[in-house]
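Here's the structure, in structure tokens; my notes come after.
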Amino acid sequence: MKTNKNSMKQKFTEKLKNEKMVAFGFCLPALIPLTVFWIGPMIFAFYLSLTDWDFMSKTYNIVWLRNYYSLFQNPEFYRTLRNTLYFTAGSVIPAVLGGLLLAIMLNRKLPGRNLYRTLIFSPWITPMVAMAIVWSWMFNPSSGLVNYLFSLVNLPALPWASSSTWAMPVVIIVSVWRTLGWAMVFYLVALDGIPDDIYDAARIDGVNFWSKLRYITLPLVSPTTLFLSVVLTVQALRAFDQIDIITQGGPAGATRTLLYEYYQTAFQKFNAGRAASIGVIILLIASVFALIQFWLSKKYVHYQ
Amino acid sequence: MNKKNLKLKFYKYNIGKFFVQIFMAFVSLVMVTPFLWMFLSALKTQQEIRAFPPTLFPDTAMWFNFIETWTSAPFDRYIFNSFFTATSIVILHIVTTAMFAYAITQLTFKTRGFLFGLIMATYMLPVAVTYVPSYIILARLGWLDSYQGIIFSNSVSVFAIFLARQSFLQVPREMVDAAKVDGAGHWHILWHVFLPLTKPIFITFGLINFVLMYNNYLWPLMIIRSREMYLITIGLRQFFIEQGSYGVKWPLIMAASTIVVTPLLLLFFVAQKWFIKGIGGTGIKG
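If you're matching them up, the sequences are chains A and B in order. The working numbering puts the first residue of the first sequence at 1, with every later residue one more than the last. The working numbering puts the first residue of the second sequence at 1, with every later residue one more than the last.
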């Protein structure tokens with residue numbers, strides 16, 4: 001009996017050991033690229049941001065925090081920072097609110113629901129580069145479709161991407177156009193998950209539309225709102241394609257975001273150290289956003 | 001009185017429905033306008049496209065614009081590059097995701113909670129930080145401007161791991177145990193029990209990641225130099241710049257955009273249930 005138990009125990013530990021080896025082997029194919037192209041570079045970026053390397057030279061100097069210091073000394077940097085916040089707020093908030101509004105309207109047994117959903121979602125599938133080119137043509141100040149439609153309703157023709165006031169709205173409109181349907185689909189699923197009897201009970205109690213929205217729908221979709229605002233913020237911080245195609249950060253830096261500055265510093269000015277420090281700042285901003293969003297979610301997000 | 005009230009309510013309800021229909025139709029039209037405008041513009045002549053007020057349809061459809069576009073840049077090469085790299089990446093995603101998700105859901109080892117947390121953290125962080133260091137690493141490996149550079153630097157999808165983990169957790173314990181009693185090893189169980197049961201999730205992230213890779217622009221722009229390695233997005237941008245330099249040939253640019261966008265729109269309309277179900281069903285519960 002005892003030996004039997006012992007051998008069983010031995011077998012069990014052997015199995016565990018074996019399982020560990022298997023687990024290691026199974027994780028490896030994902031862990032190697034993840035370490036080489038994600039985690040490693042993340043750590044490497046911090047080190048790089050303390051140097052003045054230019055990609056080519058054999059040697060480089062450790063300049064400690066001088067990259068950061070010169071960034072914070074530069075008024076242009078604050079402009080870039082403001083642009084980034086403008087773009088992030090401008091593209092995330094309308095996508096979340098608009099997505100919710102569209103989902104609420106689609107969430108009844110509306111004839112043609114699937115067709116609307118398909119059409120509204122379709123921009124998300126298409127390459128941003130191609131569609132940014134199309135949009136830049138539609139926003140063409142002299143013969144674009146948008147100014148023509150404006151003229152039909154007696155609005156003045158606007159200079160759009162060539163004016164420092166209107167360039168950012170153009171980039172934001174293109175971004176929201178692409179993510180609106182995506183956000184809507186998330187909300188549709190969340191709304192489908194709300195049990196009908198909650199609404200039935202509210203109807204019997206004679207609750208009106210706004211109270212239903214305020215006290216039932218919004219709290220119940222709040223996990224989706226949190227998820228979307230986090231993911232869309234991260235996406236906004238990495239927005240590049242539409243800016244590169246439509247404005248190239250211009251006119252006069254009006255649409256230059258941190259990521260665009262990062263790209264230009266690294267691959268046009270070849271200043272690896274300084275670019276890395278901008279990358280670290282982007283990382284910090286993303287973390288601050290995430291913390292704020294989670295802090296807000298503790299107060300306002302309800303899980304069923 | 002009561003009847004009248006009911007009638008009024010019915011009436012109000014229908015008006016509301018009518019308004020919603022009009023509104024949704026309008027929004028849908030706005031969303032697809034860029035596609036329609038792109039296609040119609042691709043069929044116009046250089047004079048027509050510049051006309052103000054613009055005409056909706058061209059006088060005669062210039063289908064020749066497509067031929068001229070196709071022959072003035074190696075679009076076939078670009079499309080091949082994009083399809084080849086995106087397909088290879090998706091295959092790698094399937095393998096790395098399935099194995100990793102199996103390990104963290106079915107095997108017991110000390111660091112598995114940590115590993116999952118680590119992976120989720122990378123999902124939340126902006127990729128931007130890693131671009132310059134990854135570029136340097138690729139340069140050291142001698143993989144800049146190469147297929148293996150594009151493919152291996154994208155070979156893990158955190159989004160896919162997240163999805164696969166969710167559905168692996170729902171595979172019934174008894175099925176795993178039954179397979180084990182039959183003497184099946186982990187490798188066999190993964191590919192012959194788990195994969196068939198969770199196939200929908202693999203199709204979903206396979207399609208989504210294919211689209212993301214086909215649309216990928218910034219990272220390839222950094223690591224690719226030579227024309228024969230261009231992905232379709234970079235090729236299109238190059239075409240845009242070249243055609244723009246002498247008197248902007250908008251019809252040709254629109255034709256090129258149409259060529260780039262159409263394969264994805266077709267893929268979407270054929271497989272849309274995978275996209276929409278997959279996207280909506282993810283991410284929230286976790």
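All C-beta atoms in this analysis are idealised placements derived from N, C-alpha and C, irrespective of residue type, glycine included.
Close Cβ partners of residue i (< 6 Å) along its chain, the five nearest in sequence each way excluded
{"i": "A:N147", "result": "A157"}
{"i": "B:G286", "result": "Any reading at B:G286 needs caution, since the residue's pLDDT is 28, under 50, leaving its predicted position unreliable; the model's value is listed next. Excluding sequence neighbours, B:G286 sits near nothing in its chain."}
{"i": "B:G206", "result": "V90"}
{"i": "A:L71", "result": "F77"}
{"i": "A:I39", "result": "none"}
Any chain B beta carbon closer than 7 Å to residue i
{"i": "A:T118", "result": "yes"}
{"i": "A:R214", "result": "no"}
{"i": "A:A103", "result": "no"}
{"i": "A:L145", "result": "yes"}
{"i": "A:V22", "result": "yes"}
{"i": "A:R203", "result": "no"}
{"i": "A:G279", "result": "yes"}
{"i": "A:F77", "result": "no"}
{"i": "A:V234", "result": "yes"}
{"i": "A:D241", "result": "yes"}
{"i": "A:R238", "result": "yes"}
{"i": "A:A290", "result": "yes"}
{"i": "A:I282", "result": "yes"}
{"i": "A:F294", "result": "no"}
{"i": "A:S261", "result": "Residue identity check: residue 261 of chain A is Glu in the sequence provided, not Ser. Taking Cβ atoms only, chain B never reaches closer than 7 Å to A:E261, which makes this a no."}
{"i": "A:W38", "result": "yes"}
{"i": "A:S131", "result": "Note on residue identity: the sequence assigns Met, not Ser, to residue 131 of chain A. Yes, because at least one Cβ of chain B sits closer than 7 Å to the Cβ of A:M131."}
{"i": "A:A286", "result": "yes"}
Residue i classed as buried or exposed, judged by whether at least 16 other C-beta atoms fall within 10 angstroms
{"i": "A:E261", "result": "buried"}
{"i": "A:D192", "result": "exposed"}
{"i": "A:V288", "result": "exposed"}
{"i": "A:A276", "result": "buried"}
{"i": "A:G206", "result": "exposed"}
{"i": "A:T263", "result": "At residue 263 of chain A the sequence reads Tyr, which differs from the Thr that was named. Buried is the call here."}
{"i": "A:A286", "result": "buried"}
{"i": "A:Y187", "result": "buried"}
{"i": "A:P223", "result": "buried"}
{"i": "A:Q210", "result": "Rather than Gln, the amino acid found at residue 210 of chain A in this sequence is Trp. Exposed, by the Cβ-count rule."}
{"i": "A:A236", "result": "buried"}
{"i": "A:T165", "result": "exposed"}
{"i": "A:L258", "result": "buried"}
Helix, strand or coil at residue i according to DSSP, with G and I counted as helix
{"i": "A:I204", "result": "helix"}
{"i": "A:T51", "result": "strand"}
{"i": "A:I62", "result": "strand"}
{"i": "A:A157", "result": "coil"}
{"i": "A:H302", "result": "coil"}
{"i": "A:Q264", "result": "helix"}
{"i": "A:W166", "result": "coil"}
{"i": "B:S167", "result": "helix"}
{"i": "B:L212", "result": "helix"}
{"i": "A:Q248", "result": "coil"}
{"i": "B:L231", "result": "coil"}
{"i": "B:V156", "result": "coil"}
{"i": "A:F294", "result": "helix"}
{"i": "A:D192", "result": "helix"}
{"i": "A:F150", "result": "helix"}
Spatial neighbours of residue i in its chain, beta-carbon cut-off 8 Å, leaving aside the 5 residues before and after
{"i": "B:N215", "result": "T233, L264"}
{"i": "B:Y135", "result": "L144, M222, I223"}
Beta-carbon contacts of residue i that lie in its chain and below 7 Å, excluding the five residues immediately before and after
{"i": "B:W197", "result": "First, the residue type needs correcting, since residue 197 of chain B is Leu and not Trp in the sequence shown. Excluding positions up to five away in sequence, the list reads V171."}
{"i": "A:N280", "result": "A small fix is needed here, since residue 280 of chain A is Val in this sequence, not Asn. Result list for A:V280: A45, F46, S49, in chain order."}
{"i": "A:F226", "result": "In the sequence as presented, Phe is not what sits at residue 226 of chain A; that position holds Leu. Correct list, in chain order: Q293, S297, V301."}
{"i": "A:D196", "result": "none"}
CB contact below 7 Å: residue i versus chain A
{"i": "B:Y102", "result": "yes"}
{"i": "B:W37", "result": "yes"}
{"i": "B:P251", "result": "no"}
{"i": "B:P126", "result": "yes"}
{"i": "B:Q272", "result": "yes"}
{"i": "B:P200", "result": "no"}
{"i": "B:L236", "result": "yes"}
Across the stretch 59-74 of chain B and the stretch 146-163 of chain B, are there enough close Cβ pairs to call them in contact, namely three or more that are closer than 8 Å?
no
Taking three-plus beta-carbon pairs below 8 Å as touching, is the stretch 118-133 of chain B in contact with the stretch 47-56 of chain B?
no
For the 8 Å Cβ check, are there 3 or more pairs between the stretch 69-82 of chain B and the stretch 137-145 of chain B?
no
Using 8 Å as the Cβ pair cut-off and three pairs as the minimum, do the stretch 187-196 of chain B and the stretch 66-76 of chain B touch?
no
How do the stretch 33-46 of chain B and the stretch 249-266 of chain B stand: do at least 3 beta-carbon pairs fall below 8 Å, yes or no?
yes
For the stretch 21-30 of chain A against the stretch 89-107 of chain B, are there 3 or more C-beta pairs whose distance is under 8 Å?
yes
With three or more beta-carbon pairs closer than 8 Å as the criterion, would you say the stretch 107-118 of chain B touches the stretch 175-182 of chain B?
no
Do the stretch 56-71 of chain A and the stretch 85-95 of chain A make contact, defined as three or more Cβ pairs closer than 8 Å?
no
For the stretch 66-97 of chain A, which residues have a beta carbon sitting closer than 8 Å to at least one beta carbon of chain E?
Checking the listed chains, one finds no chain E in this structure; the protein chains it contains are A and B.
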